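Numbering-wise, the sequence shown is residues -19 to 138 according to the numbering used here.
Glycine included, every Cβ here is placed at the ideal spot set by N, Cα and C.
These figures come from a predicted structure and were not determined experimentally.
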Amino acid sequence: MTTVYDFSVKLPTGEMKSLKDYEGKPLLIVNTASKCGLTPQFKGLQELYDKYKEQGLEILGFPCDQFNNQEFNDIDETLQFCQMNYGVTFPMFAKIDVNGDNADPLFKFLKEQKKGVLSKNIKWNFTKFLIDKNGSVIERYAPTTEPEKIDDDIQKIL
């Protein structure tokens, strides 16, 4: 059976990173944007990371520019923005597409595992996927779901 750990993703440097490096850890995978009305969710995501990283939680951020061009062109600008404005220390990856022909294979998999309300496509920035320690997708959260609302679900899989 395919799990999240079977995928590799691109780091901001262009190098590939295997998600096997996170095997045995619960994950929260999020498509992010720096210039979105939901961007303040970075604060809540960082709070979850600070609260649970010692227990193994990893939050993986994937900048995406598919929704009204709300991401910087330069990944370094994105990383600096997230760190300076929201204190982001969880891993951020290279900018990706989450929908369409060029969608990242990881996000194709995530969408197949947990479809949205009306379709499997991701509708906006800050769609979140909760992954258990076995690499299985257990929940998908709408972009408007505040990170603190995921707290109870995270506690159940730690």
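Please say whether Leu28 and Asp131 have beta carbons closer to each other than 8 Å?
For the pair Asp131 and Leu28, the CB atoms are nearer than the 8 Å cut-off.
Look at Lys88 and Glu51 and say whether their C-beta atoms are less than 8 Å apart.
no
In its own chain, which residues sit with a C-beta less than 6 Å from the C-beta of Glu38, not counting the 5 before and 5 after it?
Same-chain partners within the cutoff: Tyr2, Lys5 and Leu7.
Starting from the C-beta of Met64, find all residues in its chain whose C-beta is less than 8 Å away, skip the five residues before and the five after it, and write them out in chain order.
none
Does the beta-carbon distance from Phe73 to Phe42 come in below 8 Å?
yes
Expected contact under 8 Å - CB spacing of Ile137 and Lys113 to nearest Å:
7 Å
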